[in-house]
Amino acid sequence: MPELPEVETVKNTLKRQVIGKKIISVDVLYNMIDKPDVETFKKLVKNQTIIDIKRRGKFLMFELNDYYLLSHLRMEGKYFIDGNITRHDHVVFHFDDGILKYNDTRKFGKMYLIDKDKVYDEKPLSLLGLEPWDDKLNSDYLKDKLKNKRLPIKSLLLDQSIIVGIGNIYADEILFKSRINPLKRGCEIDNNDCDNIIKYTREILESAIKMGGTTIKSYESSRGVHGRFQDNLLVHNHEGDKCPDCKSIVVKTKVNGRGTYYCPKCQKNGD
Ligand SMILES: [Zn+2]
Numbered sequence: 043m044p045e046l047p048e049v050e051t052v053k054n055t056l057k058r059q060v061i062g063k064k065i066i067s068v069d070v071l072y073n074m075i076d077k078p079d080v081e082t083f084k085k086l087v088k089n090q091t092i093i094d095i096k097r098r099g100k101f102l103m104f105e106l107n108d109y110y111l112l113s114h115l116r117m118e119g120k121y122f123i124d125g126n127i128t129r130h131d132h133v134v135f136h137f138d139d140g141i142l143k144y145n146d147t148r149k150f151g152k153m154y155l156i157d158k159d160k161v162y163d164e165k166p167l168s169l170l171g172l173e174p175w176d177d178k179l180n181s182d183y184l185k186d187k188l189k190n191k192r193l194p195i196k197s198l199l200l201d202q203s204i205i206v207g208i209g210n211i212y213a214d215e216i217l218f219k220s221r222i223n224p225l226k227r228g229c230e231i232d233n234n235d236c237d238n239i240i241k242y243t244r245e246i247l248e249s250a251i252k253m254g255g256t257t258i259k260s261y262e263s264s265r266g267v268h269g270r271f272q273d274n275l276l277v278h279n280h281e282g283d284k285c286p287d288c289k290s291i292v293v294k295t296k297v298n299g300r301g302t303y304y305c306p307k308c309q310k311n312g313d
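Under the numbering used here, residues 43 to 313 are what the sequence shown spells out, in order.
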């Protein structure tokens, strides 16, 4: 699944290719448009120019003249600029000198077209928490969000209404670096834990973005980034391997259904 660093990489790659292009028409071959209805969507994007591409959480934000086109890649969404339409291409934007197509084998992706001045006030962006690099993300903010929660911290890091962009892989790595047991409850997380979570969230996501930025040449980016970043994972996918710090054996468990890896010695629960 593309996580924040992968989406950031897709954004940067697409920016080099489609900024300034005017959408002549759009074909929706499989309806992935959440809002508005598909006919309105097709009508409204016509003759809009792609001015910029931004990212908020794991949403790509194509800035058009009058709207933002939001795109969430979910499990397998990808963008391509080559010509042939294949059976997993679901939305095709036609420019006067080429196309941009959205491909999604699992069909879980979603698109939204929203008036520019309302984009942050409406769903889905209105539901999102702070970006990892937002100045407002500090231990007071995080402690306040966690203090009444009985859920495990692993699940709360995945909750996009608190901090955006942390996925399953990065949550394990952040908790390992922070020396926090993934099952520790939100209400048990102290200020020092919060400081560590914020520090390592930034550090780990930044390094993943840097790696993505150097590997990606096409839009088939998520796999490439994953492959490369996996060489640098400390505990995720390392069940049975030795902890890089204390040489204990890394274990795998499930936390609310998500595969979770940690070092039982470095990440003790209850102390
Ligand atoms: Zn250890």
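Cβ atoms here follow ideal geometry from the backbone N, Cα and C, with glycine treated the same way. Predicted, not measured: the structure shown is a model, and the values here were computed from it.
Reference residue i; option with closest CA among the options
i    : options                : result
F218 : G228, C229, D235       : D235
D287 : T128, N190, V133, Y304 : Y304
N311 : G209, K284, K196       : K196
D182 : E281, I239, K143       : I239
Q309 : G299, K187, S290, Y109 : S290
K191 : L167, L225, S168       : L225
H130 : T302, M117, Y121, D146 : D146
L71  : P78, K84, K77, W175    : K84
R227 : K189, N233, K165       : K189
E16  : L198, E118, G119       : Since the first and last residues shown for the chain are 43 and 313, residue 16 lies out of range.
D176 : H280, K241, V297, N73  : K241
P148 : N73, E50, N274, K100   : In the sequence on display, residue 148 carries Arg and not Pro. Checked all of N73, E50, N274, K100; the closest Cα to R148 is N73.
Q202 : I61, K100, G62, E50    : K100
Beta carbon of residue i nearer than 8 Å to that of residue j
i    : j    : result
I251 : P47  : yes
L56  : I93  : no
I211 : E45  : yes
L115 : G140 : no
I127 : Q59  : no
F137 : I75  : no
L112 : Y154 : yes
R98  : L167 : yes
D79  : K158 : no
T243 : P194 : no
G119 : Y144 : yes
K64  : T82  : no
K185 : N233 : yes
Presumed contact (8 Å Cβ cut-off) between residue i and residue j, rounded CB distance
i    : j    : result
K53  : L102 : 6 Å
L276 : E215 : 6 Å
V134 : V68  : 7 Å
L247 : G282 : Wrong, their Cβ atoms sit about 27 Å apart, outside the cutoff.
Y110 : I156 : 5 Å
G301 : K294 : 6 Å
Residue i: CB within 7 Å of a non-hydrogen atom of ligand 1
i    : result
S220 : no
S168 : no
K307 : yes
D287 : yes
S290 : yes
Span of the alpha helix (DSSP H) around residue i
i    : result
N180 : Taken as a continuous stretch (DSSP letters only), N180 belongs to no alpha helix (DSSP H), as it is neither H nor E.
E173 : Premise fails: E173 is in no alpha helix (DSSP H) and is neither H nor E.
D214 : 210–220
L56  : 46–60
L200 : 195–200
K152 : It is not in any alpha helix (DSSP H) - K152 instead sits in the beta strand (DSSP E) that spans 152–157.
V80  : 80–87
Endpoints, the beta strand (DSSP E) within which residue i is located
i    : result
F104 : 101–105
V133 : 131–137
F122 : 120–122
L112 : 109–114
T295 : 293–297
K143 : 140–145
P302 : The question names Pro, but residue 302 in the sequence shown is Thr. Residues 300–304.
I127 : Careful: I127 lies outside any beta strand (DSSP E) and carries neither H nor E.
S290 : No beta strand (DSSP E) holds S290; DSSP gives it neither H nor E.
I68  : Inspection of the sequence shows that residue 68 is occupied by Val rather than by Ile. Counting along the chain, the beta strand (DSSP E) containing V68 begins and ends at 67–70.
R227 : Careful: R227 lies outside any beta strand (DSSP E) and carries neither H nor E.
D94  : 94–98
D76  : 75–77
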